[in-house]
Amino acid sequence: MKSDRINLFPDDLKHSYVPSKENMIAISIIGVIILIALLTVLRIPQIKKHEKEVTQLSAELQTVQRELAFYNSEKGKNKIDLKAEIADKFNKEHNAWTGLLKELTLLTPAKIWFTSFNGKLANNQIVLSLAANATSQEAISEFFVSLENSYYFRHSKFKFSENIVSSSSSFYRFEFENLIKLSEIEQMRP
2 MKSDRINLFP DDLKHSYVPS KENMIAISII GVIILIALLT VLRIPQIKKH
52 EKEVTQLSAE LQTVQRELAF YNSEKGKNKI DLKAEIADKF NKEHNAWTGL
102 LKELTLLTPA KIWFTSFNGK LANNQIVLSL AANATSQEAI SEFFVSLENS
152 YYFRHSKFKF SENIVSSSSS FYRFEFENLI KLSEIEQMRP
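Heads up: the sequence shown begins at 2 in the numbering used here, then just goes up one per residue.
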């Protein structure tokens, strides 16, 4: 079955149109230009974003270069050495507490419980003031014997002891103080 079509083109154009080589080249060039323009328009936001990132990174690079120059200078080295010295002192002071509290925990019998702990660090010495309760005077005596036999707490001073009687129970409250030199703690470290 043949379809009938109406062709309104003039007779010289009724035959199929074949573009010339010049027209094909022109159409191809126009297509490439449109494609490049479209890709450019789509990439502009990404380009702006990358441009901002490059600006930020260059500012950070300048900051790092200034810090590096300061570090390499003599003044910078002295300042960093001072900071390292402060950090070492901080670690030395805080690690001292760890050993003391561990030994105190190991020396404390089950019949004694602490109610307050006050520690001060001054002049390379640690002054501990402790308040505790005990179930009996014998427990307090045993505790002080173990303190006197320990390395850290051999200089403990007993402040007072009192019997507290309530309607449900009776216990003894006592306080003691201890002075420890940081040099003694450093000698005991492995």
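Beta carbons are placed, not taken as given, at the ideal position from N, Cα and C, and that holds for glycine.
Q: May I ask you to report which of helix, strand or coil DSSP gives Y72?
A: helix
**Q.** Whole-angstrom distance between A133 and F177, CA atom to CA atom
**A.** 9 Å
Q. Exposed or buried, A140, counting other C-beta atoms within 10 Å across all chains shown (16 or more means buried)?
A. buried
Q: Using the Cα positions of F172 and H156, report the straight-line distance between them to the nearest angstrom.
A: When rounded, the separation of the alpha-carbon atoms in F172 and H156 is 25 Å.
**Q.** Which residues DSSP lists as bridging K182, in chain order
**A.** Q126
Q) Around the Cβ of F91, are there at least 16 other Cβ atoms within 10 angstroms (buried) or fewer (exposed)? A) An exposed status is given to F91, since fewer than 16 other beta-carbon atoms sit within 10 Å of its beta-carbon.
**Q.** Given V146 as reference, the closest of S167, L105, S29, V42 once Cα atoms are compared
**A.** L105
(Q) Counting C-beta neighbours from all protein chains within 10 Å, is the total for Y153 16 or more, i.e. buried, or is it exposed? (A) buried
Q. For the stretch 135-176, which segments carrying the alpha helix (DSSP H) assignment without a break, of at least 4 residues, lie completely within its bounds, in sequence order?
A. 138-149
Q: Within 10 angstroms of the Cβ of N179, are there 16 or more other Cβ atoms? Answer buried if so, exposed if not.
A: It is buried - the Cβ of N179 has at least 16 other Cβ atoms within 10 Å.
Q. By Cβ distance below 6 Å, which residues in the same chain neighbour D82 in space, the five residues on each side in sequence not counted?
A. Sequence-distant Cβ neighbours of D82 in its own chain, meaning closer than 6 Å and more than five residues away, do not exist here.
**Q.** K112 (DSSP reduced to helix, strand or coil)
**A.** coil
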